[in-house]
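Worksheet: the structure to be examined is printed underneath.
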Ligand SMILES: Cc1cc2nc3c(=O)[nH]c(=O)nc-3n(C[C@H](O)[C@H](O)[C@H](O)COP(=O)(O)OP(=O)(O)OC[C@H]3O[C@@H](n4cnc5c(N)ncnc54)[C@H](O)[C@@H]3O)c2cc1C
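In the numbering used here, the protein residues as written are 21 to 381.
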């Protein structure tokens, strides 16, 4: 949210500190990477993003953080992000307690309990249909969610808002979480669709293992939404492996007519190809990994002159491929960062995914 919108919900947190100036500098350094930073009259620092606004004020014996947002999800996210960073950089043993909107014990605005209602197999994907209440906020401000995946046979109890603004889990530790894309969302029906890949290493992998055993009636937690905004452009060049394919499907389904898209899509083989409808003029290049074809090899054959002017380049794929395409986009294509959205969706050999955006080379 920009500063000229009028946020309405508010909460404040006083963080006791012997050195509030250093604590504030570290917060600004980290949180400010994803926000606009402004020093205002009196020396306060404002951090603003699409979530809302926080004002950081040096006070006697500590730092005062005042958060504002136009919606409960934005406020809850700011409270959680600030608390996470304060606990990382602040003095050991401090107890945090937000005062104001989104009080402790209330439901977390960015959390939904979802029930599996249908399971289909599409190539190496399981397509899960999940139903839940009040999904309107999940249709705006991001394509992705975090699924909280209970272990097999466990009756999971779900979190509420903690004193410190972070999720409070009644049974202690949360279940493992993995990031997925809402391939489709139907707010009126209270329904989302997620394509979860059954990848090669999936037997000890909470995401893929859940997808494999999922049956109607199973319950999963969902937090979000987040990430995946696509800047306005006439031309898009998209790169995706299977993990980015659901995002490509959603972007194409929602893109207005008149846009031109070239999508380079790497899948294991013919069976993983999908029909991707949409109003844009789209041209698909399917690469089969089994035959040795790779996203980064195709990118390496694209020169700066092959790209339409002002093209936006988007990608969701494995870490190494993303790094190679990112380097090419900067060094050879000469694209400015605001026309690049290349993310690492997973990292070979690393559980829990990987989510590095364009600023990380
Ligand atoms: C923004 C975003 C959106 C995403 N959307 C989707 C989506 O819609 N659908 C989807 O299926 N995935 C998606 N992913 C990727 C997904 O989060 C990761 O693949 C995640 O690691 C899967 O969790 P897991 O529990 O199955 O495996 P993990 O426990 O995380 O990993 C276990 C092992 O499997 C390997 N592994 C993980 N993913 C793959 C893979 N794709 N191929 C081969 N090996 C793998 C890991 O390197 C590790 O060695 C998305 C990721 C991000 C960041």
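Ideal placement from N, C-alpha and C gives every residue a C-beta, glycine not left out.
The beta carbons of residue 108 and residue 38 sit no closer together than 8 Å.
A Cβ-Cβ distance of about 12 Å is found for the pair residue 30 and residue 96, leaving them out of contact under the 8 Å criterion. The DSSP-derived three-state label of residue 160 is coil. Annotated three-state conformation of residue 217 is strand, per DSSP. When the five nearest sequence neighbours on each side are left out, the beta carbons in the same chain lying within less than 7 Å of the beta carbon of residue 46 are those of 109, in order along the chain.
Shown here for residue 255: same chain residues with a beta carbon closer than 6 Å to its own, the five before and five after excluded, namely 280, 328, 331 in chain order. Apart from the 5 residues on each side of it in sequence, residue 201 sits with its Cβ closer than 6 Å to the Cβ of 163, 164, 266, 267 in its chain, given in chain order. Its chain contains 284, 285, 286, 287, 313, 314, 315, 318 as the residues whose beta carbon lies nearer than 8 Å to that of residue 307, once the 5 sequence neighbours on both sides are disregarded; these appear in chain order. Looking at 33, 361, 92, 67, the one whose alpha-carbon comes closest to that of residue 126 is 92. Remark: C-beta atoms of residue 257 and residue 333 approach each other more closely than 8 Å. Nearest neighbour of residue 73 by Cα position, chosen from 79, 243, 56, 61, turns out to be 56. Under a 10 Å Cβ-count criterion, residue 141 is classified as exposed, with fewer than 16 other Cβ atoms of the shown protein chains found around its own Cβ. Inclusion of residue 217 in the 7 Å shell around ligand 1 follows from its C-beta lying nearer than that to a non-hydrogen atom of the ligand. For residue 366, the shortest separation between its Cβ and any heavy atom of ligand 1 lies below 7 Å. Distance from the CA atom of residue 66 to the CA atom of residue 373, rounded to whole angstroms, is 32 Å. In summary, residue 339 is buried, with 16 or more beta-carbon neighbours lying within 10 Å of its beta-carbon over all protein chains present. Beta-bridge partners assigned by DSSP to residue 256: 281, 332. When DSSP states are grouped into helix, strand and coil, residue 322 belongs to the coil group.
For residue 130, the secondary structure class from DSSP, reduced to helix, strand or coil, is coil.
At a cut-off of 7 Å, the beta-carbon of residue 199 counts as near ligand 1: some heavy atom of the ligand is closer than that. Between residue 199 and residue 166, the gap from beta carbon to beta carbon is short of 8 Å. The beta-carbon distance between residue 145 and residue 243, rounded to whole angstroms, is 22 Å. This is too long to meet the 8 Å contact definition. Secondary-structure assignment with DSSP links residue 308 through a beta bridge to 287. Residue 365 and residue 80 have their C-alpha atoms roughly 43 Å apart.
Per DSSP, residue 240 is one residue of the beta strand (DSSP E) stretching across 239-246. Around the Cβ of residue 262, a 10 Å sphere holds 16 or more other Cβ atoms; the residue is buried.
In the three-state scheme derived from DSSP, where H, G and I count as helix and E and B as strand, residue 72 is classed as strand. Straight across, the Cα-Cα distance linking residue 118 with residue 185 is about 7 Å. Here DSSP, grouped into helix, strand and coil, assigns residue 345 to helix. Taking the CA atoms as reference points, residue 302 sits about 48 Å from residue 124. In this structure, DSSP gives residue 108 a helical state, which the three-state scheme calls helix. Here DSSP, grouped into helix, strand and coil, assigns residue 373 to coil. At a threshold of 7 Å, residue 263 counts as near ligand 1, since its beta carbon sits closer than that to one of the ligand's heavy atoms.
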